[in-house]
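J.: Questions regarding the structure given below will be posed in turn.
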Amino acid sequence: MAKSKFERTKPHVNVGTIGHVDHGKTTLTAAITTVLSKKFGGEAKAYDQIDAAPEEKARGITINTAHVEYETATRHYAHVDCPGHADYVKNMITGAAQMDGAILVVSAADGPMPQTREHILLARQVGVPYIIVFLNKCDMVDDAELLELVEMEVRELLSKYDFPGDDTPIIHGSAKLAVEGDQSELGEPSIFRLAEALDTYIPTPERAIDGAFIMPVEDVFSISGRGTVVTGRIERGVVKVGEELEIVGIKPTLKTTCTGVEMFRKLLDQGQAGDNVGVLLRGTKREEVERGQVLCKPGSIKPHTKFTADRDGHAWRQRQHHREPDQPDRDGRRPALRDPRRRSYRRRRCGCEDHRVRLQCAPSRGCGHAFSFFKPAAMPRRCKRRICKVKKFAFA
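Every number in our numbering is 27 more than the matching position in the sequence shown, counting from 1.
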C-alpha cells in the first residue's frame, strides 16, 4: 500500500506527556488523539496501540517513548508519550529534549509524587520552556478542597524549579472518562480545554531552517528490503531526498545518503527544523549507527576527543575523564586514579598559575567538560584564587 504524502497546512509544534508512573500519561495521550480526531480529523490511537511492545503490555507501564500526532484548529502537534517509571528515566530525557512544551500529568487522588518532581527538574534541565498541567483522575476525588490543595502543591512545585507556577494553566479532567466518550465536564470537554491551552499558552516556536542540517539520533532500526532508518527531531536546517550526509560522534565519521524522509508514516519532500522524522539511509548497516550520534551536513561538524584548557591559578573538578597535566600538581605529586576503569578522580585538584591541563574523553564517550566559576565554601590552603567547577557537555 502506497504511503500518503504529508501536507504542511498548519504550524508544527512538539509536545509530550510527563509525570509519575500510573498517573495516566498514556491514557491521556489516547484520549487526546481519540477526542480531537472526531472534530479535527486524524487517527485515533487506543491505549494498546501506544504501549504496543509485549513488555509494556505485560507490565502495564510505558517503557519506550511513543510518538503520535493530532491536530487542533490552528496547529499540527507531534506528541511524545514518555515513561514515568524511575527505571526508564533516560528514555524520558530523550523524549523531553524534543519538546517545545510539556503536559505534566498529575493524579488528583495522589498529588505530586517522586517522579513528578524528578520530571519537572529534568524538564527544566533539558530546556522545556513551557509546562501545562492536566490534573487527572478528578472523578475519583469528591472533595473540592482536596483538589484545590493538590493544585496549590503543584503550583508550588513548579515555582520551586523556576517555572511560572502561578500562571501555569491547570486543567481538571479524567482521561479515562474522555476515552470512553463521557460528555460531562471531566470527560471530553476537558480534552478540548487542554487543546485550547496548548494553542494559547505555548507560542509557535521559531525554527532555525536556514542553518546547516543537524539531527541527533534518537533511535535506529532496519526495514527489510529498504535499509536503515534513523529517527529524531531535526534541530537545524533542512534535509532532502538524495542529499549526502555524515554520521558524526562516538564512532568514526561515516558518510551516507538520504533516500527517504517520513513523518508519522507519511512521505515528506523535505524534513525541516522541528520535525520528528525518520531518515532512510543508503548503504548504512544497523550496527554502524546508535543513539547519541548526530546526522548532519558533510563538513559542518568536527568531532573532538580532546582539548587543552588554560585556567591560570584555578582548580578543576574532574568527572569521568582522564587528565594528563603537563606539569605536576602544586605539591609536586601527580594525581592518582581512584578507579582506572571509571577514570574518575577522588577529589578536586588545584593548579598553579601557569599550568596547562589536557582533558581527554574516555574512549566510549563522546563528551567533554565546560568550566564555570563558583565560590567555594572554603578556599584550598595556599590558594588565594577562585575555584572553577566542571560541567559536562557534549561536543557538537
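Glycine included, each C-beta is placed from N, C-alpha and C at the ideal position.
Leaving out five residues on either side along the sequence, give the residues of the same chain with a beta carbon under 8 Å from the beta carbon of Asp193.
T.: Closer than 8 Å at Cβ, skipping near neighbours: Arg182, Ser186.
J.: Restricting to Cα atoms, I'd like to know which of Gln299, Ala222, Gly305, Gly46 is closest to Ile429.
T.: The structure shown does not extend to residue 429, since the chain is modelled only from 28 to 423, so the question has no answer here.
J.: So for Thr332, helix, strand or coil by DSSP?
T.: Three-state result, Thr332: coil.
J.: Based on the DSSP output, what are the partners of Gly254 in its beta bridges?
T.: Gly254 pairs with Ile250.
J.: Does the Cβ-Cβ distance between Lys293 and Phe67 come in under 7 Å?
T.: Not closer than 7 Å, so no.
J.: Using the C-alpha atoms, what's the distance from Val288 back to Ile236?
T.: Roughly 16 Å between the two C-alpha positions.
J.: Contact defined as beta carbons within less than 8 Å: I believe Gln320 pairs with Ile261. What is the distance between those atoms, to the nearest angstrom?
T.: Actually they do not touch by this definition, with Cβ atoms about 15 Å apart.
J.: Residues in its own chain within less than 7 Å of Lys164 by CB, not counting five upstream and five downstream?
T.: These residues qualify, in order along the chain: Gly51, Ser134, Ala135, Ala136, Ser201.
J.: If we count the other Cβ atoms within 10 Å of its Cβ and call it buried at 16 or more, is Arg263 buried or exposed?
T.: Burial call: buried.
J.: What separation, rounded to the nearest whole angstrom, lies between the Cα atoms of Leu364 and Gln142?
T.: Per-residue confidence for Leu364 stands at a pLDDT of 36, beneath the threshold of 50, marking its modelled position as unreliable; the derived number appears in the next sentence. Taking the straight line joining both Cα atoms gives about 35 Å.
J.: Verify whether the separation of the beta carbon atoms of Ala205 and Ala58 is less than 7 Å.
T.: Yes, the Cβ-Cβ distance between Ala205 and Ala58 is below 7 Å.
J.: Please report the straight-line C-alpha distance between Thr61 and Gln76, rounded to a whole angstrom.
T.: If you take the alpha carbons of Thr61 and Gln76, they lie about 12 Å apart.
J.: I think Glu315 touches Leu272, with their Cβ atoms under 8 Å apart; what is that distance to the nearest whole Å?
T.: Actually they are not in contact, since the Cβ atoms of Glu315 and Leu272 sit about 13 Å apart, beyond 8 Å.
J.: Let me check understanding here. Comparing Cα to Cα, which of Val256, Thr332, Glu215 lies closest to Lys312?
T.: When only C-alpha atoms are compared, the closest one is Val256.
J.: Suppose the cutoff is 8 Å on Cβ atoms and the five residues either side in sequence are ignored; what does the same chain contact list for Gly254 look like?
T.: So the qualifying residues of the chain are Thr286, Leu307, Leu308, Arg309, Gly310, Thr311.
J.: Kindly list the residues whose CB is nearer than 6 Å to the CB of Gly122, restricted to its own chain and excluding five residues on each side of it in sequence; keep chain order.
T.: For Gly122, where only same-chain residues beyond five positions count, the Cβ hits under 6 Å are Gly43, Thr92, Val107, Cys109.
J.: Ile59 lies in the alpha helix (DSSP H); which residues open and close that run?
T.: Its alpha helix (DSSP H) spans residues 52-67.
J.: Is the beta carbon of Leu131 closer than 7 Å to that of Gly46?
T.: Yes, Cβ-Cβ distance for Gly46 and Leu131 is below 7 Å.
J.: If contacts are defined as beta-carbon pairs under 8 Å, then Asn303 and Gln152 qualify, I think. What distance do you get, rounded to the angstrom?
T.: Not confirmed; about 21 Å, so no contact.
J.: Mind checking Met179: buried by the 16 CB within 10 Å criterion, or exposed?
T.: So Met179 ends up on the exposed side.
J.: Gln297 lies in the beta strand (DSSP E); which residues open and close that run?
T.: Residues 297-299.
J.: Counting C-beta neighbours from all protein chains within 10 Å, is the total for Ala300 16 or more, i.e. buried, or is it exposed?
T.: Classification for Ala300: buried.
J.: Looking only at its chain, what residues have a beta carbon closer than 8 Å to the beta carbon of Glu207, apart from the 5 residues adjacent to it on each side?
T.: The residues are Gly214.
J.: Could you spell out the range, first to last residue, of the beta strand (DSSP E) harbouring Arg309?
T.: It spans 303-309 - the beta strand (DSSP E) in which Arg309 sits, taken as one unbroken run.
J.: Taking the alpha helix (DSSP H) that Ser211 falls in, what are its first and last residues?
T.: Ser211 -> no alpha helix (DSSP H), and no H or E assigned at all.
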